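First the structure, in the form of structure tokens, and then the observations on it.
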Amino acid sequence: MDGLLQQIANGAVLASAYILVAVGLYLIFSVLDIPNFAHGEMFTVGAFTQYALVVQLGVPFWPSLAAAAATAAALGVLLERTVFLRLRAKQANLVAFLIAGLAVGIILQELLRSVFGTDALAVPAPIEGLVTLGPVRMSMYRIVVIAVSLVSVAALGWLVYRSTFGTRLRALALNRDLAALSGINVSGVGTGAFAIGSGLAGLAGGLLSATSSLTPYIGFHPTLVSFVILIMVGAGARLATVLAGGVVMALVESLTAGYIGNSMREAAVFVLLIVFLVWRPHGLTRGADAQPARL
Amino acid sequence: MLNLRTLITCAALCAPIVTMAPAGALAQGAAESLPVAVLLPRSGPSADSFGGSMLAGLNFVFDAVNAAGGVKAADGKSYKIALKTFDDPLTDVKIAQTAAQRALDEKYRIIIGPVGSGSASAVQPQMARSDAFWLLAPSVVPGPTKLPNVFRAAPLLKVYNEAVLDWLKMNPDVKTVAMATDQTHTGLVAATGELVSGIEGLGRKVVATESFRQGDKDFRAMLTSMLQKRPDLYLHRGFAPEAALSLEQIRELGGQMPVMWNSAVTAAEVRKLVPNENLMANVVQAATGQSLDPFLGAGMELAKKVKDAVGDKAGTFTATGHDAAVVLVEILKRTKSMDKAAISAAAESLPASALEGKTLNTFSPHDDGLVFKAHEVNVPGTLMTWQLGKGWVASR
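As you go down the protein sequences, you meet chains A and B in turn.
Numbered continuously in this note's numbering, the first sequence closes out at residue 295.
Numbered continuously in this note's numbering, the second sequence closes out at residue 396.
Rendered as structure tokens:
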């Protein structure tokens, strides 16, 4: 039982990482219909910004984290304005968006490599110490990561469901043309969504830089995980479902690694994906106007 | 009496002799250029840590040899080593095969590498068909050295296993071992069965054998499962970033047992990847002498000289590169011609005494006093313990 509780706690730690990256991609995909394969690189940019500020320049951790999120957000805006907006204007098909995202991702990886090299790097955690709750042990910093993830998602939820901007976002997600006709600045709102989504990925990268090792290629796994979660929950899902999807995926990984074998953890995630594609190809939930998952 | 016509005629006859004389003198001492290829990562995740560090060691030796006039071979000629790198980023064996083929297409007949075991296995058919002499380092996969033209200038993976077993013999209170192995490291995976047998042969028990992949970041689930079995030792077999992360996570989960790394993690990598040095208490490294660390720790003058020369380029494989270059130079000194058969014959008969004082690792002689037996060298592993505030210190 002790082992199981610890594994569930391990899953919670993993879920907090997945959720932050996934909700960013969910926002971009829901509002703009863009499968952004460079999303993981926003995570990487956030992580390396954190490294540069904290380790190389000696800036305190928390202001650096804000800067990491802002940098990723700014980069997301640049990407949206220079690449994806133009593709949309030319009415490019889905494959063009996929290839563009992949290409931008590779460019960003190589840019980071040329600046930071290929050796693994690390950022020291700002908080040390362990917390023991019965049989469960967790570092203080990981609890902070979970808390920041939950607060970020809650803030996003408030923005999406309670604010005027959120109303516009949801209008754009439901029907772009109608949103434009009703006077919503679809371009501005779309850019805002991209900025927020990328900023969340950058925040995740900055936060997790202190629990991981950094190389320019760490963005691939978060991208993959985010897309798997998106497919599982389906288009039109609410934010809470994305949260649940992240938790389910993290728990499946942790429990598989703990009770079957670590080598099976990734396979388990893809088995889950196949099950969903076969059983619920439209995802776990399907909104009234949701389009089928096209990934 | 000389007239102008005779003078001009004499000058015309003498001019070639006068101009060719210094050329002749130069030709007698001038070294030929000897192209040597090296397959190692110059791009990808291992470019700096593996490729750059190994190249630093190779260049240190070759630059010194060239500055001294080149290698004087048994054919009476002097050769200056012209080293060219071919990129094998260790991410896909097809790229390794392409790099090897490029080196062969450019007519390189002496090739150092590949670095990675997976690459060496993939390139083995090309080695067999080629007219080149191959010197492997530090790849540990056993197959290629069965070929007549392939030799290895670095120890086999069994040396890692031997170092682990030596440590266990020194620590009889360690009864149970949990181990995790990087599945992307072909050599480590191949040596796992032998290691488990060796541990059990000492009367100890292997309570868990798990696997992970290079690039994994979260080991908590795997480590939680291992800790349930209360091992006396956690043995991590893989590369530096994953070793550092698993150490941090096992300590976080309450595992205070000794942690052993079967990785050649340098002190510089530890300081970068483990910001909280206190986590390094009770960490041992059982590896081979791939980096300069064990030799600097032992106060070796040669190691200090190499470190001063290469500076920040020193890393994971600097000692490996240095020693491979020294071995190659000594082989070439004894080569009667620069074809693979002659170079291989020179390698076969290379005495261990030729390397004394020149290499960082100790190349112990085989029974016949030679460096190579079945194309493999006899180099012992290293056991190091991390001392807080100091770094790696030799345990034996």
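We put the CB at the ideal spot given by N, CA and C, even for glycine.
Please read these numbers as outputs of a predicted model, since none were measured by experiment.
For the pair residue 152 (chain B) and residue 377 (chain B), the Cα-to-Cα distance works out to about 7 angstroms.
Within the same chain, 38, 39, 40 come within 6 angstroms of residue 113 (chain B) by CB-CB distance, once the 5 residues on both sides are set aside. Straight across, the Cα-Cα distance linking residue 128 (chain B) with residue 265 (chain A) is about 39 angstroms. Here DSSP, grouped into helix, strand and coil, assigns residue 41 (chain A) to helix. Residue pairing from DSSP places residue 133 (chain B) in a beta bridge opposite B:110.
Our two residues, residue 76 (chain A) and residue 195 (chain A), have alpha carbons roughly 5 angstroms apart in a direct line. Using a CB distance below 7 angstroms, the part of the segment 206 to 230 of chain B facing chain A consists of 210, 211, 212, 217, 218, 220, 221, 222, 224, 225, 228, ordered along the chain. Burial is judged here by how many other beta carbons sit within 10 angstroms of a residue's own beta carbon; residue 64 (chain A) has at least 16 and is buried. Residue 7 (chain A) has a beta carbon lying within less than 8 angstroms of a beta carbon in chain B.
If the five residues before and after residue 69 (chain A) are omitted, its C-beta is found closer than 7 angstroms to the C-beta atoms of 46, 199, 202, 203, 206, all from its own chain and listed in chain order. Closer than 8 angstroms to the CB of residue 48 (chain B) there is at least one CB belonging to chain A.
At least one beta carbon of chain A lies nearer than 8 angstroms to the beta carbon of residue 245 (chain B). According to DSSP, residue 35 (chain B) shares a beta bridge with B:82.
For residue 183 (chain B), the neighbours in chain A by C-beta distance under 9 angstroms run, in chain order, 263. Distance from the Cα of residue 142 (chain B) is smallest, within the candidate group B:130, B:133, B:155, for B:155.
Positions of the alpha helix (DSSP H) runs, each at least 4 residues long and wholly inside the segment 278 to 347 of chain B, are given as 293 to 297, 301 to 310, 318 to 333 in order along the chain. By the Cβ criterion, the segment 219 to 239 of chain A is not in contact with the segment 49 to 57 of chain A, since fewer than three pairs of Cβ atoms, one from each stretch, lie closer than 8 angstroms. In the DSSP assignment, residue 234 (chain B) forms a beta bridge with B:178, B:259. Listed in chain order, the non-local C-beta contacts of residue 389 (chain B) below 6 angstroms within the same chain number zero, local neighbours out to five positions each way being set aside. The shortest C-alpha to C-alpha distance from residue 330 (chain B) to any of B:52, B:61, B:50, B:46 is the one to B:61. Under the three-state reduction of DSSP output, residue 266 (chain B) falls in the coil class, being neither helix nor strand.
Near chain B, meaning a CB-to-CB distance below 7 angstroms, the residues of the segment 201 to 219 of chain A are 212, 213, 215, 217. Taking the beta carbon of residue 14 (chain A) as reference, the chain B residues within 7 angstroms of it are 218, listed in sequence order. The Cβ atoms of residue 116 (chain B) and residue 130 (chain B) do not sit closer than 8 angstroms to each other. Cβ-Cβ distances below 6 angstroms link residue 199 (chain B) to 177, 206 in the same chain, with the five nearest sequence neighbours on each side left out; the list follows chain order. Per DSSP, residue 97 (chain B) lies in no beta strand (DSSP E); the unbroken alpha helix (DSSP H) holding it starts and ends at 93 to 105.
In this structure, residue 167 (chain B) places its C-beta atom within 8 angstroms of the C-beta atom of residue 284 (chain B).
Per the DSSP secondary-structure output, residue 205 (chain B) pairs in a beta bridge with B:176.
At least one CB atom of chain A sits nearer than 8 angstroms to the CB of residue 240 (chain B).
Between the beta-carbon of residue 96 (chain B) and that of residue 105 (chain B) there is about 15 angstroms, and that puts the pair past the 8 angstroms contact cut. Against chain B, the beta carbon of residue 88 (chain A) has no neighbour under 9 angstroms; the closest one sits roughly 34 angstroms away. Going by DSSP, residue 224 (chain B) is part of the alpha helix (DSSP H) stretching over 220 to 227. In the pairwise beta carbon analysis, the segment 70 to 79 of chain B is classified as touching the segment 320 to 339 of chain B: at least three pairs are separated by under 8 angstroms. Under the Cβ distance rule, residue 68 (chain A) does not count among the residues neighbouring chain B, no pair being separated by less than 8 angstroms. Nearest neighbour of residue 300 (chain B) by Cα position, chosen from B:309, B:357, B:349, turns out to be B:357. Taking a 10 Å sphere around the C-beta of residue 270 (chain A), we find fewer than 16 other C-beta atoms and assign the residue as exposed.
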